[in-house]
Every structure is written in structure tokens, then in C-alpha cells.
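The structure appears below as C-alpha cells.
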Amino acid sequence: MKSIFKKSNCILCNIMSGFEFIRRIDKSRDFKLYLSRVVLRYVVENIDDFNPPRANVEIHEMLKRESGIEDPFIKDKNEQIAFSSKIISYLKIDPYNTSTQNLKHLLALAAYGNGLDPLVLGYDLNYEVLEVEAKNLRITLNDADKFINALESNRYKRILYLLDNVGEAMFDLLLSKNLEARGIDVLFAVKPPHETDVTINDFNRIGGDLNHVLKLKKYPLFTSYNTLPDVDLIISKGLLNFEDYILNMNSFKKDVLVILKAKCNVIADYFRIPVGSYIVKLYIKTREEA
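Numbering (the working numbering), first residue to last: -9 to 280.
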């Protein structure tokens, strides 16, 4: 496994995520203590070869199975949707404006949306701070020009968009409308309930087109057994998808546009940028590699 994830922070972050699931459910103290031991036992049993994206998924699957509760993060999701609706209304965005400047702004907003994450160790989801940031977005690691050049060379006709948090996905929908206005077919990947990520029901609730959805049976995608549709590019949102891609990038033969916020020092150190920076990073495979 790459050394990027051989840090105690990744283990602690997964424990915290599991404990946040437990904190949100309406169960007895004794049962919550039992679930806490389930999480800790998993970590101890897997600590020698700890795989953060796999651990995150497996811990939440165990907790759902043991508790009988599929989605304890509904309140968090509602808060995200309310906040994103407010920001989108304030910015008065026209997603169908196909100017280069507007596309760059929509890419920046897609990265900005990844800040809507309550489950990263050491990251403070502060809506007041995010509201200020929305008025003057800066992308620290920015491959927007590289991506736009690839678009204009007709490299991408069909895109698979891996969605992340539900409030974040509202900004992703704006970006997708702009891409569709350019004649690109966009297919969205949604998953079963996981943290505050978009499910098929959430996607419908925020105005997504259910005719353009791929329901992932396994997650995350880069190591799952999903049959990958015939696409030219994958837009990968968020930390877990990025972690999974980095661990499998040498065997993955598609272009990938990574859009996220460096919410922890592991990701910030990997890219050599400050914590809190926004990232739009394009990984291009040569035609020989693909």
C-alpha cells in the first residue's frame, strides 16, 4: 500500500466516522458501547494492512447491519441541502452559460461543495466560514485549463460522475448541466446509504435526473466489482473516492478528474498544499495505457 495512508490519522479518522454513526442513532447506552467495541475490534484485526477506503465502507456496513439503521445522517443531509440552496440562490449561477470563465467557476464550486463534510477528523464543518469562502473562491491546485483543453479537443463524450456528499452534489448538478450544454453525456454514480453521501432517493430529492443514474452495488468504485460503463472520463468527488483511486491508479485505465478539498493533513501533504485548499486535478492516461 502506498505510504500516503500509513498514518495513524487515517485509522483515527475511520474510528471517528464509525463513532459518529453510533452517536446519531437512538439506541441504549449499552448497545452503543457494544457497537463501539465492534468498530475497535475491526481496527485491531485489520491494523497491519489498514486500507482506509475499504475500512470506512466495511465499518459502516457492520454498523448498519448490527443496528438495523440504514441512514442515521438524515439531519446532516437536510442541513447540507438547506445551506447549498442558500449559496446557489445567492450566487445566481447560470449553469447553461458555456463561456470558459463560467465553466472554471462551476469547477471551483464543485470543489467548494466538498467542504460540506462532517466526518473528517480535525476538520470543522463551519457553515459561516463556508458562506464567506463562496464569495471569493480560490483553487490552489488547479487543472481547469488542462481539463477544458481536453474537452475542446473532443476527448470526452461520455462522463461518469462519482457523487459524494448530498449538499455537495447540488453544485455537481450545476457543473453537469454545463457539460451537457456542451453536448457531453453525463452519468451519475450513487450508492447505498453511507455517511452523508448521495443515495438514489437523495439524488431525486435535489432534482437529479433518475434516467442518468448508475446505482453502485459495491463501493468504492475503483476496487469494486461494478461493471464500468463505457465512458471517457470519471469525475471523482471527495476523499474516499480519491483514496481509492490513488491505491489503484496504476491499474485503472481511464482519465480521472479529481475534485475535492484537502480537509486533512494526509491529503494536503500528498499534494504539498495547505490544509483547507481546493483541488481540481486531472489525471490523463495515454491512449496506449488505456
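The beta carbon of each residue, even a glycine, is placed where N, CA and C say it ideally should be.
- As computed with DSSP, Y151 is found in a beta bridge with F178, I225.
- The C-beta of E142 has fewer than 16 other C-beta atoms within 10 Å across all chains shown, which makes the residue exposed.
- Contact annotation: A179 and L200 have beta-carbon atoms that are not nearer than 7 Å.
- Nearest neighbour of F11 by Cα position, chosen from L93, S166, L25, turns out to be L25.
- One alpha carbon belongs to A171, the other to Y86, and they sit about 6 Å apart.
- Our two residues, D234 and P43, have alpha carbons roughly 6 Å apart in a direct line.
- When the five nearest sequence neighbours on each side are left out, the beta carbons in the same chain lying within less than 7 Å of the beta carbon of V176 are those of I149, Y151, S166, L169, E170, H202, in order along the chain.
- Taking C-beta separations shorter than 7 Å and ignoring five residues to either side along the sequence, the partners of P219 in its chain run L150, L177, L204, following chain order.
- Taking C-beta atoms as the reference points, N104 and K243 fail to come closer than 7 Å.
- Using a Cβ distance threshold of 7 Å, V270 and D133 count as a contacting pair.
- Per DSSP, the unbroken alpha helix (DSSP H) holding L99 starts and ends at 90 to 103.
- Under the DSSP assignment, K54 falls in the alpha helix (DSSP H) whose first and last residues are 42 to 57.
- If you look at Y273, you'll find it in the beta strand (DSSP E) that goes 268 to 273.
- Contact between E185 and S7 holds, since their C-beta atoms are separated by about 7 Å, short of 8 Å.
- When secondary structure is reduced to three states using DSSP, N126 falls in the coil class, being assigned neither helix nor strand.
- In this structure K147 is not in contact with D61, their Cβ atoms being roughly 35 Å apart against a cut-off of 8 Å.
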